């Protein structure tokens, strides 16, 4: 696992020459980010947001900072939503994309090429690999093999760190701070990799209260505070009436009936802004990993 | 439904500032185009044709007018032919493409994300959406949701307006006029959305005679003239012998046995030129919707 | 079949004007390349290699020589590995790509559009077609139809010429010469189209010894030298011990158990360099076919 380039590493490398350390980084799991790294990623994400909003409707102002770079999306299971977000991020910065939605076909002829062999081939074609895999730990194995950066876009029941990053970023954008917040996590938490990654990240901040609300008793480790609850929860107009005015309603999407459509127009409904924040977070990570700040 | 930008709207917006009204437009159904709009679209399509032909074999002369723009092709059912035509059009103008050939997977996790939710996510990533859907009316719903332009690339048994536009454009290019023509429509007309869209468009012109030739009795409304016929019709060398010299043979492709291969070399066989015209029409629409004339 | 542009043809066309003959070429089968053509393709491939290595980690130095060109990958059967290699090659030279991984859908509506009709449509959208097909001879039929260059990316049991070119190129890069080498071909040779294409190419050089090692008795025509053998062969550490120091171990990938993982770190293991050479060979062919040297 190549460490995500820290501020200090980048500073020393900037002294040493052109972006020497910037090819070192991978984004594999929530645990690799300390509070300083989060702050920096969020700063760049805000720059990306400003960049996008500053673009005129005639396209002027588009960044070309990643022109000449090629990102391979290597998806062993389909996830159109995540893939599109990464591909849009790359293109918004002027970069190019190689798409492999059906990466299992790499091994179809031989019925069993290893992930490592596939990674060695794809890294010969691209500058950064975005990997979606059905097995926990696959992203870490890919990063151990590749000389180019690897971003984990979800590895089975394991981690989905960019989703967790965009969740935390959304909280900060909506509320203005992360310290001292109260966070309610609702749903099938036992199987939720996003929840696990998010809980890791949010624990970096101070005075956090997390309420776990789930049909099943939840057992999560490494978290100081939790409350388990039962029942099925739907956010609708009635819930809005009792929610505080400063509350923020988030959802990773897609939703089914967890949030009713009439909630969408409420200013506290942040889930579509949250999806857009995913674009900015992924733009920020691609920029940091490929060219630095 | 955001109205397709009319000449006058664009003129006033040009006076008011930079392309203010140009994000208003959608291309949803044949009915939205009046004769003036058709004339203007065809003018731009001819410019696109000239641009393409003027490009040297070394690539010089390629337009970059849509550089920095991102088109999402959101296809809920496969249509490689239509998708390629749109993607080629976007790239020929310097724009970029996000491809979703299997848009149903957006909702696979939740088994039922609404089209509206998907549109809200995709419009966060792109500047224009090209939608292919299996349900009539889907494009109109998407346009009602999106703040960016939506182009209908076929919605089930509903409309396929860009196909109709390229058909009418082809007639004009081949014959030199649209007024006074005689048009024979042959095939399974009852289920043909292209025929319906085409009949709407061609009715904008004067002294049109349309002959419907179909195995079944055809019932179409809003058309003054029709003749129904029975039988199976194949265009072959024998038909060529009795067709007027100025006749034009068109087909939306793919063909099976409706037209024999030995007809291809006849100058009246326009179907491959027709396919190419689809590229020019789509280039014209993308340019008009994204940056105006 | 449009002949691959020879040195002399290009010279005369350079005298006659701008790249007049360069649209003539197709890459269909190994037999079309004489030793002079191979030498020239390998020269350009080495330039591509140098270009790639000379690119800084900030992307500076990327070639834009194919900017404005559009390559259509028309794949009637999936081959993610080959497709990615071509698409990376095109993008590394600044070109754009239209992807059709499921080209069979071109004909799905009609259950039987001919390859020729599909080619006529796609050539209207693109500048070069890379065709993968399940039928032997499909690439030749496509080339006979298209006015733009066609590259055969494998046609069923037929040919896979770019794979053969990269194999020969790899031998030259690893050993420094092609004349006088001893080549062992191991595996299911009877059904190997790559082996057939490779044997054709290598026979252009002098004093070549080819050893065919296969479970079955091999019958290959047009080759002067061969030895057949039986058994199943695995390259592992023990084989490395008896292989000469200057030996080169190649494999088209994906591998299963033919080569053990502990061989990978041996300097004689060339298969990942070989995959990378595929990128350079395809960059060279695209450049030669679209803009010449």
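Residue numbers (the working numbering), protein chains in the order written: chain A, 25 to 317; chain B, 25 to 317; chain C, 25 to 317.
The beta-carbon is built from N, C-alpha and C at its ideal position, and this holds for glycine as well.
All values derive from a computational prediction rather than experimental measurement.
At a Cβ threshold of 8 Å, is residue 160 of chain A touching chain B? Contact with chain B is absent for residue 160 of chain A, since none of that chain's Cβ atoms lies less than 8 Å from the residue's Cβ.
Is the shortest distance between the beta-carbon of residue 112 of chain A and the beta-carbons of chain F less than 8 Å? The structure shown contains no chain F; the protein chains it does contain are A, B and C.
Mind checking the region 92–104 of chain C against chain B and listing, in chain order, the residues whose C-beta falls within less than 7 Å of any C-beta there? So the list reads 92, 93 and 94, given in the order they occur along the chain.
Could you please give the first and the last residue of the uninterrupted alpha helix (DSSP H) stretch that includes residue 259 of chain C? Taken as a continuous stretch (DSSP letters only), residue 259 of chain C belongs to no alpha helix (DSSP H), as it is neither H nor E.
Rounded C-beta distance between residue 186 of chain C and residue 298 of chain C? I'm assuming under 8 Å. That belief does not hold up - the Cβ atoms of residue 186 of chain C and residue 298 of chain C are roughly 12 Å apart, past 8 Å.
Note the first and the last residue of the continuous alpha helix (DSSP H) segment covering residue 101 of chain A. Where residue 101 of chain A is concerned, there is no enclosing alpha helix (DSSP H), given that its DSSP letter is neither H nor E.
Taking 7 Å as the cut-off, is the C-beta of residue 165 of chain B nearer than that to any heavy atom in the ligand MG? Although the ligand MG was asked about, the structure shown includes no ligands whatsoever.
Under a Cβ-count criterion, where at least 16 other Cβ atoms within 10 Å of its own Cβ denotes burial, should residue 258 of chain A be classed as buried or exposed? exposed
Considering just the uninterrupted stretch of the alpha helix (DSSP H) at residue 156 of chain A, what are its terminal residues? First-last for residue 156 of chain A: 152–157, but that is the beta strand (DSSP E), not the alpha helix (DSSP H).
Residues of its chain near residue 290 of chain C, where Cβ-Cβ distance is below 7 Å and the 5 sequence neighbours each way are ignored: 264
Proximity to residue 130 of chain C [Cα-Cα], best of C:101, C:110 and C:189: C:101
Hey, is residue 221 of chain A's beta-carbon within less than 8 Å of any beta-carbon in chain C? Residue contact check for residue 221 of chain A against chain C: no CB pair falls below 8 Å.
Name the chain B residues that come within less than 8 Å of residue 296 of chain A, Cβ to Cβ? 144, 145 and 148
Which residues of chain A have a Cβ atom closer than 9 Å to the Cβ of residue 168 of chain B, listed in chain order? Correct list: empty, because the minimum Cβ distance to chain A is about 13 Å.
Mind the definition here: the region 260–276 of chain C touches the region 49–59 of chain C only if three or more C-beta pairs lie below 8 Å; say whether that holds. Contact between the region 260–276 of chain C and the region 49–59 of chain C is absent, because fewer than three Cβ pairs lie under 8 Å.
Whether residue 177 of chain B touches residue 106 of chain B by CB criterion (8 Å): yes
What would DSSP say about residue 76 of chain C, mapped onto helix, strand or coil? helix
Would residue 401 of chain A and residue 225 of chain A qualify as a contact pair, given that the criterion is a beta-carbon distance under 8 Å? Nothing about residue 401 of chain A can be read from this structure; chain A reaches only from 25 to 317.
Residue 142 of chain C - containing alpha helix (DSSP H), residue span: 139–147
Where does the unbroken alpha helix (DSSP H) through residue 125 of chain A begin, and where does it stop? Note, residue 125 of chain A: premise wrong, no alpha helix (DSSP H); not H, not E.
Can you name the start and end residues of the beta strand (DSSP E) that residue 235 of chain A belongs to? Where residue 235 of chain A is concerned, the enclosing beta strand (DSSP E) stretches over 233–237.
On the DSSP letters alone, give me the boundaries of the alpha helix (DSSP H) that residue 305 of chain C sits inside. 295–314
Using DSSP's beta-bridge definition, name the partner residues of residue 209 of chain C. C:236
Residue from A:231, A:269 and A:237 whose Cα sits closest to the Cα of residue 209 of chain A: A:237
Can you list, in chain order, the residues of its chain whose CB lies under 7 Å from that of residue 99 of chain C, leaving out five sequence neighbours each side? 107, 124, 125, 127 and 156
For residue 220 of chain C, tell me which candidate among C:317, C:163, C:183 and C:205 has the shortest Cα-Cα distance. In this structure, C:183 is the residue among C:317, C:163, C:183 and C:205 with its C-alpha nearest to the C-alpha of residue 220 of chain C.
With 16 other CB atoms within 10 Å as the buried threshold, where does residue 201 of chain A fall? exposed
Over the uninterrupted alpha helix (DSSP H) stretch that includes residue 219 of chain A, give me the two end residues. 217–226 is the extent of the alpha helix (DSSP H) around residue 219 of chain A.
From the DSSP output, which residues share a beta bridge with residue 96 of chain B? B:122 and B:153
Contacting residues, own chain, Cβ-Cβ under 7 Å from residue 159 of chain C (five flanking each side not counted): 179 and 180
Using only CA atoms, which one of A:113, A:150, A:140 and A:63 lies nearest to residue 96 of chain A? Considering only alpha carbons, the answer is A:150.
First and last residue of the uninterrupted alpha helix (DSSP H) at residue 191 of chain A: Per DSSP, residue 191 of chain A is one residue of the alpha helix (DSSP H) stretching across 185–199.
Residue from B:117, B:86 and B:206 whose Cα sits closest to the Cα of residue 271 of chain B: With distances taken between Cα atoms, residue 271 of chain B lies closest to B:206.
Cα-Cα separation, residue 88 of chain B to residue 286 of chain C: 50 Å
Integer-rounded CB distance, given that residue 304 of chain B should sit under 8 Å from residue 72 of chain B: 4 Å
Status (buried if at least 16 other CB within 10 Å, exposed otherwise) for residue 58 of chain C: By the 16-neighbour rule on beta-carbons within 10 angstroms, residue 58 of chain C is exposed.
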